[in-house]
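J.: Attaching a single structure in structure tokens format; questions to follow.
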Amino acid sequence: MTHKGPTGFYFCTLDLMYDKHLINNTYRVIGLCGSGSYGKVYRVQHVGTSEIYACKEICYTNMGAKERGILEQEVNVVTTLVHPHIIRHHEIIHDKASEVLYVIMEFCTNGDLSSIMMNAKRAGNHLSETYVLDICKQVLDALVYCHSPFKYNPATSKGQMEAQKI
-7 MTHKGPTGFY FCTLDLMYDK HLINNTYRVI GLCGSGSYGK VYRVQHVGTS EIYACKEICY
53 TNMGAKERGI LEQEVNVVTT LVHPHIIRHH EIIHDKASEV LYVIMEFCTN GDLSSIMMNA
113 KRAGNHLSET YVLDICKQVL DALVYCHSPF KYNPATSKGQ MEAQKI
């Protein structure tokens, strides 16, 4: 649920009580991982399986029509990508009443590439050339896959691939 704060900006209920919150009665929020321009990322646990996931919460209340269209297109695309070097998106939960999308995805215990680089810099360490080359190879491999016209995921049906209109 979104709330308008004293400064006029909207924020979501998870900001207030993420440690007690359940998303769709399926995912328990256990902590905040980080935040970005349009939302926050939480560490969540599936209630039934105890699996740990990341949940990107995107409040689109203040987005214009163009931004909402881009968001809808991105959600439709990322749910179809299946590649070893691309974070797997498991589920999209759309709370229309609150104008919030919850994107449930694979949780990376070591964080993202940016945090790995920042942690190395803070520790005064340099990433080895071999390590950087391996990362570059993985990124390029994923990029080639994303631009390939013949992507097919047999486990994903057409109904699962199409997000509802935002």
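For the sequence shown, the residue numbers in my numbering are -7 to 158. Ideal placement from N, C-alpha and C gives every residue a C-beta, glycine not left out.
Check whether the stretch 85 to 98 touches the stretch 44 to 51, counting contact only when three or more Cβ pairs, one atom from each stretch, lie closer than 8 Å.
T.: With the cut-off at 8 Å, the stretch 85 to 98 and the stretch 44 to 51 touch.
J.: Relative to the C-alpha of Gln37, which candidate in Lys88, Leu119, Gly28, Leu24 has its C-alpha closest?
T.: Taking the first residue of the sequence shown as 1, we reach residue 37 at position 45. Out of Lys88, Leu119, Gly28, Leu24, Leu24 has the C-alpha closest to the C-alpha of Gln37.
J.: Considering only DSSP beta bridges, list what Val95 is partnered with.
T.: Walking along the sequence shown from the start, residue 95 turns up at place 103. According to DSSP, Val95 bridges with Lys48, Ile84.
J.: Nearest to Thr53 by alpha carbon, out of His86, Cys100, Val131?
T.: As a position in the sequence shown, residue 53 is number 61, starting the count at 1. It is His86.
J.: Using the beta-carbon count (16 or more within 10 Å), is His81 buried or exposed?
T.: The count along the sequence shown starts at 1 and reaches residue 81 at position 89. With 16 or more other Cβ atoms within 10 Å, it is buried.
J.: Assign Tyr123 to one of two classes, buried (16 or more other C-beta atoms within 10 Å of its C-beta) or exposed (fewer than that).
T.: By one-based count along the sequence shown, residue 123 stands at place 131. So Tyr123 ends up on the exposed side.
J.: What first and last residue would you give for the alpha helix (DSSP H) that runs through Gly61?
T.: On the sequence shown, residue 61 is found 69 positions in, with the first residue counted as 1. Residues 57 to 70.
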